[in-house]
Amino acid sequence: MAKARDDAPPERTQTAREAMLELLRERTLTLRELSQCASLSEREIATHLPHLERSLRAQGESLVIEPARCLACNFDFSRRTRFSAPSRCPACKSERIEPPRFRIELEP
Ligand SMILES: [Zn+2]
């Protein structure tokens, strides 16, 4: 019987988050890059990120999010979307959107 990916056992979840932590401490990555590097779907990554953000704060680190941006008009999506890339710019309707990027930094 095939199991949905969201039913993954806790150990796997833990490993996924640890893999993401390691990657984000070294590099600034988009959801897609993270998904490729950690062998997880973009949806899984997006599910983990809010939890990751919370546990990082508890240990004096923070998840830094460079917001998505419209490549056509430079519209800044920082208010609207945090973890996933919007498909279309509300200002100019362009679909050339640079996705948000993530990294981990020590709290100042
Ligand atoms: Zn735009």
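As numbered in numbering that gives the first Met the number 0, residues 0 to 107 make up the sequence shown, in order.
For each residue, glycine too, the CB sits at the ideal point set by N, CA and C.
Every residue whose beta carbon comes nearer than 6 Å to a heavy atom of ligand 1 appears here in chain order: C69, A71, C72, F74, C88, A90, C91, S93.
Inter-segment contact for the region 16 to 23 and the region 69 to 86 is absent: fewer than three beta-carbon pairs are separated by less than 8 Å.
DSSP places S93 outside both helix and strand once states are collapsed to three, so it counts as coil. Here T46 is not bridged, per DSSP, to any residue. By the Cβ-count criterion, A57 is exposed, with fewer than 16 other Cβ atoms from all chains shown falling within 10 Å of its own Cβ. Of the candidates H50, H47, L39, I103, I103 places its Cα closest to the Cα of S61. Judged by DSSP in its simplified three-state form, T29 adopts strand. Non-local beta-carbon contacts of F74 in its own chain, meaning distances under 6 Å to residues more than five positions away in sequence, involve C88, A90 in chain order. Close CB contacts of L55 within its chain, under the 7 Å cut and outside five residues either way in sequence, are with S61, L62, I103 (chain order). In the three-state scheme derived from DSSP, where H, G and I count as helix and E and B as strand, R78 is classed as coil.
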